[in-house]
């Protein structure tokens, strides 16, 4: 593996994508909850940052993706139970929808935040890049919901910004050989949950 691509676990952060109640109906999402929960706990224990990325679709918002604008009501409407983080992934906390929609992070622990992303990728129109760099992060570890959409876009965005990238292949829903190969071609490391946890500093 190239020295420019290998993960630096001691300067890594976990990015959890769209693990919200309304998205549990997406194929494979419920099945990865245990792995995502274990990853989040391990990153906390290692003193490494954890970022919970969420979508919020206020009815009529221009930031509802075109494929979902026909849904009535849309998913993850602010203030509904479906917009909340899946129970057990973080300390119980109600999302501050007004704060998140303003673009500001909601702290929920030591170096653990919730951050709203208006579109597919977690780096697009957010402060994720600067938040990570302020903490010396050079490796992003991605897990969560629906690989073809938001995790994939986030990994491309991270690569564009010269972060080392890791996809936790057993902790993200809707994986396939074709999608994994697509990401491997841009230097994303494919690692399973147990290996990530073993690599973290203790």
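Numbering (full-length UniProt numbering), first residue to last: 1 to 202.
Where is the CB? At the ideal position from N, CA and C, for every residue including glycine.
Out of curiosity, what's the CA-to-CA distance linking residue i and residue j?
| i | j | result |
| --- | --- | --- |
| residue 35 | residue 69 | 31 Å |
| residue 46 | residue 137 | 14 Å |
| residue 20 | residue 188 | 25 Å |
| residue 42 | residue 201 | 10 Å |
| residue 39 | residue 176 | 21 Å |
| residue 173 | residue 86 | 14 Å |
| residue 127 | residue 72 | 30 Å |
| residue 66 | residue 60 | 12 Å |
| residue 99 | residue 44 | 24 Å |
| residue 125 | residue 26 | 25 Å |
| residue 88 | residue 110 | 17 Å |
| residue 182 | residue 190 | 11 Å |
| residue 101 | residue 28 | 28 Å |
| residue 133 | residue 50 | 13 Å |
| residue 103 | residue 22 | 21 Å |
| residue 150 | residue 123 | 10 Å |
| residue 18 | residue 81 | 14 Å |
| residue 129 | residue 178 | 28 Å |
For the candidate residues the options, whose alpha-carbon lies nearest to that of residue i?
| i | options | result |
| --- | --- | --- |
| residue 121 | 105, 148 and 104 | 148 |
| residue 16 | 109, 37 and 179 | 37 |
| residue 185 | 102, 152 and 192 | 152 |
| residue 192 | 22, 171 and 116 | 171 |
| residue 145 | 135, 194, 124 and 168 | 168 |
| residue 32 | 2, 142, 81 and 110 | 142 |
| residue 199 | 112, 104, 48 and 179 | 48 |
| residue 131 | 81, 180, 197 and 52 | 52 |
| residue 4 | 129, 161 and 135 | 161 |
Could you name the residues of the same chain whose beta carbon sits closer than 7 Å to that of residue i, not counting the 5 residues immediately before and after it, in chain order?
| i | result |
| --- | --- |
| residue 63 | 118 and 119 |
| residue 108 | 90, 91, 93 and 114 |
What does a CB cutoff of less than 8 Å around residue i pick up in its chain, not counting 5 residues either side in sequence?
| i | result |
| --- | --- |
| residue 139 | 7, 8, 9, 11, 12, 13, 163, 164, 165 and 166 |
| residue 84 | 20, 21, 94 and 95 |
Mapping DSSP to helix, strand and coil, what is residue i?
| i | result |
| --- | --- |
| residue 186 | coil |
| residue 164 | strand |
| residue 112 | strand |
| residue 4 | coil |
| residue 13 | strand |
| residue 138 | coil |
| residue 171 | strand |
| residue 158 | helix |
In its own chain, which residues sit with a C-beta less than 6 Å from the C-beta of residue i, not counting the 5 before and 5 after it?
| i | result |
| --- | --- |
| residue 24 | 30 |
| residue 105 | 113 and 115 |
| residue 197 | 42 |
Below 8 Å, how does it come out for the segment 148-160 and the segment 85-95: are there three or more Cβ pairs, yes or no?
They do not touch, by the three-pair rule.
Contact the segment 46-59 vs the segment 76-92: 3+ CB pairs below 8 Å
With three or more CB-CB distances shorter than 8 Å, the segment 46-59 counts as touching the segment 76-92.
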